[in-house]
Amino acid sequence: MNIAPTFAAAAALLLSAGAAVAAFPEKPIQVVVGFPGGAGADASTRALLAAVTDITRLAFVVDNRAGAGGIIAANHVAKAAPDGYTLLNASSSIMAVAPLLHKDLGYQPLRDFAPVAHVANHTVVLLASSSFPASTLGELIQLARKQPGKITYATPGVATTFHLTGEWLNQLAGISLVNVPYKNIGQALTDVSAGRVPLVMNGIVITRPFVRDGKLKIIAVGSDKREAKTENAPTFAETHAGMVPPFFQGIYAPAKTPPDVLSFLSRAFLETLKPCAIPRQSENSMPWVSKRSPAHPRN
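Here the numbering used here is used: the first residue of the sequence shown is 130, the next is one more, and so on.
Put into structure tokens, the structure is as follows:
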């Protein structure tokens with residue numbers, strides 16, 4: 130049996146694959162975000178990509194595909210060509226929470242995605258309008274017990290990390306705060322600032338300017354200790370031990386993306402995520418950058 134043609138074909142395939150990887154990228158890389166422009170996820174993504182571009186000269190385009198708490202964006206990327214040109218910026222809401230709550234999600238994180246980089250650990254923050262009568266978590270709990278089912282809090286959607294944090298607080302405190310899901314978290318922050326909705330659960334990135342302008346006040350934060358980046362505000366855990374909601378952010382590619390392309394992308398992001406590489410102007414949008422190897426992040 131003459132196996133020379135088989136070896137020749139295999140060699141040609143390897144050479145063509147190597148050439149394809151060597152040429153990557155030949156065009157801008159699209160990063161899909163499951164929330165509208167101006168949302169915390171959008172702001173942190175743009176800050177990260179600007180930093181990556183500064184260091185690597187790679188070109189990126191942000192594609193905002195808002196809806197269903199990021200599920201629409203995740204499904205879009207899961208079905209995209211596995212060529213490295215379509216990536217997903219996803220949080221724990223998409224990769225950890227949604228799969229537990231939806232039977233027919235349309236995607237499975239471990240099956241449909243290849244991790245590129247763990248980007249950051251963010252902090253969940255519960256805030257109130259400046260005119261809200263409660264200023265601490267203890268005061269809020271007392272007020273909520275007197276008004277069961279009547280105090281609402283805004284979130285970016287049902288089954289997000291923020292919604293589940295609210296339900297977790299309800300369970301631990303024996304209260305019944307009511308979730309009001311918004312498609313546009315910017316509108317939610319406007320409504321809470323105006324007192325139309327008393328509370329909002331979100332991340333510190335997008336809410337910090339409202340706090341510093343005196344429009345919102347922090348009731349509690351989801352970190353394990355008080356930190357300057359969250360205005361040294363009290364934590365949920367100070368009232369309810371162990372209440373530290375996991376809230377991570379990562380970059381993912383479609384499954385079956387070539388390993389060499391994944392490695393190239395991972396190196397680009399992880400090199401940028403070195404603390405000394407983050408531009409000072411990006412710190413507010415990327416408060417807890419994390420340098421990890423490409424693996425499905427777990428807290």
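All C-beta atoms, glycine included, are put in the ideal place defined by N, C-alpha and C. Being a predicted model, the structure only gives us computed values, none of them experimental.
Rounded to whole angstroms, the Cβ separation of Gly213 and Pro165 is 25 Å, and the two are not in contact under 8 Å. Just so you know, the alpha carbons of Asn308 and Arg325 end up roughly 14 Å apart. Check the Cα spacing between Thr182 and each of Ile158, Ala170, Asp171, Asp192: the tightest is with Ile158.
The Cβ neighbour count for Gly303, taken over all protein chains shown within 10 Å, is under 16; the residue is labelled exposed.
Here Gly351 is buried: its Cβ has 16 or more other Cβ atoms, across all protein chains shown, within 10 Å. Closest by C-alpha distance to Leu298, out of Phe365, Ala170, Ala382, Gly198, is Phe365. Pairwise C-beta distances place the stretch 244-255 in contact with the stretch 370-377, as three or more of them are shorter than 8 Å. Gly199 is positioned such that its CB atom lies no closer than 8 Å to that of Gly167. Following the DSSP letters along the chain, one finds Thr284 inside the beta strand (DSSP E) bounded by residues 281-284.
Nearest Cα to Gln316 within the set Pro388, Glu296, Gly286, Leu293: Gly286. Excluding five sequence positions before and after Tyr236, the CB atoms of its chain that fall closer than 7 Å to its own CB belong to Ala203, Asn204, Ala207, given in chain order. Looking only at Thr185, Phe189, Ala172, the smallest Cα-Cα distance to Val160 is reached by Phe189. Closest by C-alpha distance to Leu402, out of Ser264, Phe261, Leu177, is Leu177. At a cut-off of 4 residues, the continuous stretches assigned as alpha helix (DSSP H) that sit fully inside the stretch 335-388 are 365-368. Linking Pro277 to Gln271 through their CA atoms gives a straight-line distance of about 10 Å. Residue burial is scored here from C-beta neighbours: Pro338 has fewer than 16 other C-beta atoms within 10 angstroms and is therefore classed as exposed.
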